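Heads up, the thing below is written out as structure tokens.
Residue numbers (my numbering): 1131 to 1519.
Here it is, written out as structure tokens:
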């Protein structure tokens, strides 16, 4: 099956002199670079009564920044309590996470690590995106000596289409580098019943990048020296608003850009996603300007998420959907799985557009609806720069 390819970053042919044969086309970026995977950072904190920051990670410069993998490990010993985790835990054990650009503005975040796990799970970034399905994930409860221990490896994406690649950020100036800030959540936010002894949580960062291209492949053929669509940036932003039980019809605080996914998380008045699942409007509508492109019964929405992502296990289990979470993907225009994308179906949203949500919120009191925006801003504001035509 043919795959749409982003427009190259500059002319792909050298200018030919009058009367001479045209210069050969440059080979793609991948042919003139190599992957760079570096284990660059490790720090730890002892969980306490409040949030505790790790040292700011000033991102190592080494070509084009592609991805991070963050490993969090907490190991307990000689525990005597009957340990239990709170909802969203231990996936949310990093209570704050943000990547800032070279000007100090947020690119990914701010959010907590549970939100990051959902951003990736429903973001169409790779073949296997559910952290809890990984061999590397573990969380121990009960009264054993090691109860309260956990390990998780979180993918923090920078590139959003690996096959081209689209989204890597130029990262060659150590005096003008990106920064990653992470804080551990308070022990009382992680555990409903904490282990007997204080818990130390270690964070390790692995950074993926592409080496700066030499401009030629292994056989000296000329290559493109930068990734296609250079200047495109992936963002994650969120907005939370109150949702009083009953009729709800509100305009969302839309972000300008090309939406890859739009996700919603509803919690009830006590902050429970389980209650949010019960209170979810059925049907729910998402309106865009004068249209209502999405008018879905709850069961239809769930089934379409299963179809697009393959998460068909029981709710709140590995490989299943989370309570109160619903996603609209705009990344299904190439293959069967969300994330196999040609970028033609992205939802283009500007400041002049109106994007909103309506339905009847169940329960009583005031629930909270959080909207998660997974979007891209193309280079120079030109949407066509991300596609072949």
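Glycine residues also receive a C-beta, built at the ideal position from the N, C-alpha and C atoms.
All figures in this text were calculated on a predicted structure; none of them were measured in a lab.
- Under DSSP, the beta-bridge partners assigned to residue 1230 are 1236 and 1309.
- Straight through space, the alpha carbons of residue 1407 and residue 1479 are spaced by roughly 28 Å.
- Take residue 1336, set aside five residues on each side of it, and the residues of its chain with a beta-carbon closer than 6 Å to its own are 1169 and 1199, in chain order.
- Contact annotation: the region 1278-1292 touches the region 1315-1329, with at least three C-beta pairs closer than 8 Å.
- Boundaries of the alpha helix (DSSP H) harbouring residue 1405: 1403-1409, taken from the DSSP string.
- Checking the DSSP bridge columns, you'll see residue 1437 has no partner listed.
- Secondary structure note for residue 1174: its beta strand (DSSP E) is the uninterrupted segment 1165-1176.
- Between residue 1451 and the set 1318, 1242 and 1249, the nearest pair of CA atoms involves 1249.
- For residue 1236 and residue 1360, the gap between their C-alpha atoms comes out near 19 Å.
- Residue 1332 is bridged by DSSP to 1174 and 1203.
- Around the Cβ of residue 1442, a 10 Å sphere holds fewer than 16 other Cβ atoms; the residue is exposed.
- Put simply, the backbone Cα of residue 1272 is about 29 Å away from that of residue 1172.
- When the five nearest sequence neighbours on each side are left out, the beta carbons in the same chain lying within less than 8 Å of the beta carbon of residue 1415 are those of 1422, 1424, 1425, 1426, 1487, 1488 and 1489, in order along the chain.
- With fewer than 16 other Cβ atoms inside 10 Å of its own Cβ, residue 1374 counts as exposed.
- Take residue 1214, set aside five residues on each side of it, and the residues of its chain with a beta-carbon closer than 6 Å to its own are 1271, 1322 and 1323, in chain order.
- Contact between residue 1166 and residue 1339 holds: their C-beta atoms lie close to 4 Å from each other, under 8 Å.
- Residue 1455 is bridged by DSSP to 1395.
- Distances from the alpha-carbon of residue 1156 to those of 1366, 1513, 1345 and 1500 put 1345 closest.
- With a cutoff of 8 Å on beta-carbon distance, residue 1309 and residue 1209 are scored as not near each other.
- Residue nearest to residue 1258 within the set 1400, 1469 and 1356 is 1469 (criterion: CA-CA distance).
- The beta carbons of residue 1292 and residue 1163 sit no closer together than 8 Å.
- Residue pairing by DSSP puts residue 1197 in a beta bridge opposite 1287 and 1338.
- Excluding its 5 nearest sequence neighbours in each direction, residue 1431 has C-beta neighbours in its own chain below 8 Å: 1414 and 1456, listed in chain order.
- When the five nearest sequence neighbours on each side are left out, the beta carbons in the same chain lying within less than 7 Å of the beta carbon of residue 1288 are those of 1195, 1196, 1197, 1297, 1298, 1299 and 1364, in order along the chain.
- Within its own chain, the residues whose Cβ lies closer than 6 Å to the Cβ of residue 1218, once the five positions on either side in sequence are excluded, are 1244, listed in chain order.
- According to the DSSP secondary-structure assignment, residue 1380 is paired through a beta bridge with 1487.
- For residue 1513, the CB contacts under 7 Å within the same chain, skipping 5 residues up- and downstream, are 1388 and 1478 in chain order.
- For residue 1318, the uninterrupted alpha helix (DSSP H) run begins and ends at 1317-1320, by DSSP.
- Taking 8 Å as the cut-off, the beta carbon of residue 1333 is found no closer than this to the beta carbon of residue 1499.
- Residue nearest to residue 1519 within the set 1505, 1491, 1472 and 1485 is 1472 (criterion: CA-CA distance).
- If you ignore the 5 residues before and after residue 1463, its C-beta comes within less than 7 Å of the C-beta of 1471, 1472, 1474 and 1475, all in its own chain and listed in chain order.
- In the DSSP secondary-structure assignment, residue 1300 is bridged to 1194.
- Of the candidates 1306, 1304, 1330 and 1397, 1330 places its Cα closest to the Cα of residue 1316.
- For the set 1397, 1261 and 1368, the Cα lying nearest the Cα of residue 1447 is the one of 1261.
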